[in-house]
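**Q** The numbers in UniProt numbering rise by one with no breaks, and the one at position 81 of the sequence shown is 81. I am attaching a structure below and will ask some questions about it afterwards.
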Amino acid sequence: MKFRRIVAATLGCVALTVAAPSTATAFPLVDLLPKGIADLVPSGSFNPFAPPPAPPAPPAPPAPQAAPQVAPAPPARQAPAAPSGGFENCTEAWNAGAAPVHRNDPGYAPRLDRDNDGIGCELDPR
1 MKFRRIVAAT LGCVALTVAA PSTATAFPLV DLLPKGIADL VPSGSFNPFA
51 PPPAPPAPPA PPAPQAAPQV APAPPARQAP AAPSGGFENC TEAWNAGAAP
101 VHRNDPGYAP RLDRDNDGIG CELDPR
């Protein structure tokens, strides 16, 4: 019984060898896969004795560009003149264009700063 199976298998292999032309080429099964998936499958052509691939060339330096024209800064706004003892009230500070008045600014007085945060006349009373 075993002998018959071995003979049948051998004759089948011989028949396939004789029937298949010698010029037939097999295509890789990776060709049947979608392109994105086929890229993930290793090709099996790794050669451990081959030299490592050359590193990519560094990119060329960009061409020098002309310096951009910088517009001159607008002149600083001069603070309006304030009385030496501070403004009489916040309406006077807002009318002079100096409000809100900070603690180190000319025209600041503690009476103008109700919440004592260093900024007087925060709200326009006009």
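Cβ coordinates follow ideal geometry from the N, Cα and C atoms, glycine included.
In the DSSP assignment, find the alpha helix (DSSP H) that holds Asn95 and state where it starts and stops.
**A** Residues Cys90 to Ala96.
**Q** Which value, in whole angstroms, describes the spacing of the CA atoms of Arg114 and Arg126?
**A** Cα to Cα, the separation comes out at about 17 angstroms.
**Q** The alpha helix (DSSP H) spanning Ala38 covers which residue range?
**A** Here the alpha helix (DSSP H) through Ala38 covers Lys35 to Ala38.
**Q** Do Cys90 and Ala98 have their C-beta atoms within less than 8 angstroms of each other?
**A** The answer is no: Cβ separation not under 8 angstroms.
**Q** According to DSSP, simplified to helix, strand and coil, what is Val7?
**A** DSSP places Val7 in helix when its eight states are reduced to three.
**Q** Do you know offhand how far Gly118's Cα is from His102's?
**A** Whole-angstrom Cα-Cα distance: 6 angstroms.
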